[in-house]
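Listed below in structure tokens is the structure:
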């Protein structure tokens with residue numbers, strides 16, 4: 108089990124101490140993400156006119172939306188990865204089958220070449236015998 112990390116961060120202009128099993132760098136990154144969301148929404152006039160409670164709920168909803176979209180994207184990418192792995196498996200299987208056929212064909216070619224060489228030798232012998240009889 109990893110050790111607990113405490114990190115002082117600034118979120119929304121307030122200094123907070125975050126504790127967790129992650130590194131301080133990660134905790135700072137989380138705080139930075141939240142601050143970027145706060146800054147993004149603080150640029151919208153209609154957001155600034157809302158009560159602090161409503162602003163907090165809107166920020167929470169937006170962060171949850173980001174989370175669910177990221178989770179969905181992960182699922183899509185994992186499915187694509189599985190499909191690519193299946194396709195790769197199929198291609199590897201086809202490659203192995205083609206290699207086996209190629210090896211068999213190469214063996215047949217060697218056999219036929221040997222046969223052709225033997226036939227050529229036989230022809231030469233027969234021609235020699237025929238010429239010797241004349």
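In this note's numbering, the protein residues as written are 108 to 241.
Even glycine gets a Cβ: it sits at the ideal position worked out from N, Cα and C.
Predicted model only: the values in this text are computed from it and were never measured.
Look at residue 125 and residue 134 and say whether their C-beta atoms are less than 7 Å apart. Numbered from its first residue, the chain shown carries residue 125 at position 18. Numbered from its first residue, the chain shown carries residue 134 at position 27. Taking 7 Å as the Cβ cut-off, residue 125 and residue 134 qualify as a contacting pair.
Using a Cβ-Cβ cutoff of less than 6 Å, which residues in the same chain neighbour residue 148 once the five nearest sequence positions on both sides are dropped? On the chain shown, residue 148 is found 41 positions in, with the first residue counted as 1. 154.
Coarse secondary structure for residue 212, derived from DSSP in three states: For this step, residue 212 is matched to residue 105 along the chain shown. Three-state result, residue 212: helix.
According to DSSP, is residue 115 helix, strand or coil? Within the chain shown, residue 115 is the residue found at index 8, counting from 1. The answer is strand: DSSP assigns residue 115 an E or B state.
What did DSSP end up calling residue 127 once you bin it into helix, strand or coil? Taking the first residue of the chain shown as 1, we reach residue 127 at position 20. Correct three-state label for residue 127: strand.
Tell me whether residue 151 sits in a helix, a strand or coil according to DSSP, three-state version. Here residue 151 is taken as the residue at index 44 of the chain shown, counted from 1. Of the three classes helix, strand and coil, the one that applies to residue 151 here is coil, per DSSP.
Checking 7 Å against the spacing of the C-beta atoms, do residue 166 and residue 144 come in under that value? Numbered from its first residue, the chain shown carries residue 166 at position 59. Numbered from its first residue, the chain shown carries residue 144 at position 37. Contact flag set, yes.
Would you list the one or two residues that DSSP bridges to residue 122? In the chain shown, the residue the question calls residue 122 occupies position 15. Answer by DSSP bridge pairing, in chain order: 117.
Quick one: what does DSSP say residue 158 is sitting in, helix, strand or coil? One-based indexing of the chain shown puts residue 158 at position 51. Residue 158: coil per DSSP, three-state reduction.
Taking the CB atoms as reference points, tell me whether residue 141 and residue 117 lie closer together than 7 Å. On the chain shown, position 34 is the one that residue 141 refers to. On the chain shown, position 10 is the one that residue 117 refers to. Result no, Cβ atoms of residue 141 and residue 117 do not sit closer than 7 Å.
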